[in-house]
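Peer 1:
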């Protein structure tokens, strides 16, 4: 499986012109160097979060807070098609990172396993600047699950970016992604280490997992076996129709 690296989508001529212009003033070069060093010292996860927040600001995502998302599947499909076009790859290829040799979710699909719906108890998940329709939805079990059975995997329909620069080039490509789609993609993306010793990938959830809510205590009914994993297993028997709730706790 191919993995993208940052800079593949950058225009070399543009970079060269920038280098030449920077050479005209030594003081400007020093300032730029100091800024670059400062940026390099930022924690990668924090840098990715800052990039998400900048997208939210630059695309005026607050304007879409009250826009009803009637067809999330349509948005997921459009963003995935844009991803294929951006990387010039044939569907259904994805630039997925490796997980393990015995990946038990190779044939996993969300269909028949989970679905999304509005929350029955109408509580609102307190997440900054997320659209109302997202904070009132959740992911539910489409069938009964036994304890330790695979319930959900982000690998099924997720998109992955190894470099922040590549993610930003994609999300800011207005030809492929309208502003609303870019806002949704930033909302549905997160940073996580997936390999050992590990570096951060940007993972974009483009299925029912976009409405995967977290909780505490007895409400939590799925777990991950490793902090670098994206597969969630049942902590107990789960009945059809139960909301799937995860926790940041790694082992149960």
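Residue numbers (my numbering): 416 to 667. For every residue, glycine included, the Cβ atom is placed at its ideal position computed from N, Cα and C.
(1) Check whether chain C comes within 9 Å of residue 470, counting only Cβ atoms and requiring the distance to be less than that.
(2) Distance check for residue 606 and residue 612, CA to CA, integer angstroms please.
(3) How do the region 488–501 and the region 586–599 stand: do at least 3 beta-carbon pairs fall below 8 Å, yes or no?
(4) Beta-carbon within less than 7 Å of residue 694's beta-carbon, same chain only, minus the 5 sequence neighbours each way: which residues are those?
(5) Check the DSSP bridge columns for residue 618 and list the partner residues they point to.
(6) Report the rounded CA-to-CA distance for residue 634 versus residue 649, giving the unit in angstroms.
(7) Tell me whether the beta-carbon of residue 569 lies closer than 9 Å to the beta-carbon of residue 552.
(8) Assuming contact is defined by CB atoms lying nearer than 9 Å, are residue 651 and residue 610 in contact in what I supplied?
(9) Compute the Euclidean distance between the alpha carbons of residue 533 and residue 659, then round it to the nearest angstrom.
(10) Return the bridge partner residues of residue 660 from the DSSP annotation.
(11) What residues are listed by DSSP as bridge partners for residue 597?
(12) Using a 10 Å radius around the Cβ and a threshold of 16 neighbouring Cβ atoms, would you call residue 654 buried or exposed?
(13) Spatial neighbours of residue 585 within its chain, please: CB distance less than 8 Å, with the 5 preceding and 5 following residues excluded, ordered by chain position.
(14) Name the DSSP beta bridge partners of residue 653, please?
(15) Select from 471, 574, 561 the residue whose C-alpha is nearest the C-alpha of residue 504.
(16) Ends of the beta strand (DSSP E) at residue 523?
(17) Whose CA, out of 572, 561, 506, lies closest to the CA of residue 618?
(18) Under DSSP, the beta strand (DSSP E) around residue 470 begins and ends at which residues?
(19) Nearest CA to the CA of residue 561: which residue from 468, 473, 637, 477?
(20) Looking only at DSSP bridge pairs, what is residue 565 linked to?
(21) Between which two residues does the alpha helix (DSSP H) carrying residue 530 extend?
(22) Looking at C-alpha atoms only, which residue of 661, 488, 608 is the closest neighbour of residue 631?
Peer 2: Taking the definition as stated:
(1) In the displayed structure, chain C is absent; only one protein chain is listed.
(2) 16 Å
(3) As far as the Cβ criterion goes, the region 488–501 touches the region 586–599, which means the pair count is three or higher.
(4) The structure shown has nothing for residue 694, since the chain only spans 416 to 667.
(5) 575, 605
(6) 12 Å
(7) Cβ distance not < 9 Å, so residue 569 and residue 552 don't count as in contact.
(8) It is not a contact, given that the beta carbons lie outside the stated cut-off.
(9) 13 Å
(10) 628
(11) Under DSSP, residue 597 takes part in no beta bridge, so it has no partner.
(12) exposed
(13) Here the set comprises 424, 497, 498, 501, 576, 591, 592.
(14) 560
(15) The shortest CA-to-CA distance from residue 504 to any of 471, 574, 561 is the one to 574.
(16) Residue 523 -> no beta strand (DSSP E), and no H or E assigned at all.
(17) 572
(18) Not the beta strand (DSSP E): residue 470 falls in the alpha helix (DSSP H), residues 459–473.
(19) 637
(20) 648
(21) Looking at the DSSP string, residue 530 is not in any alpha helix (DSSP H); the run it does join, the beta strand (DSSP E), is 529–533.
(22) 661
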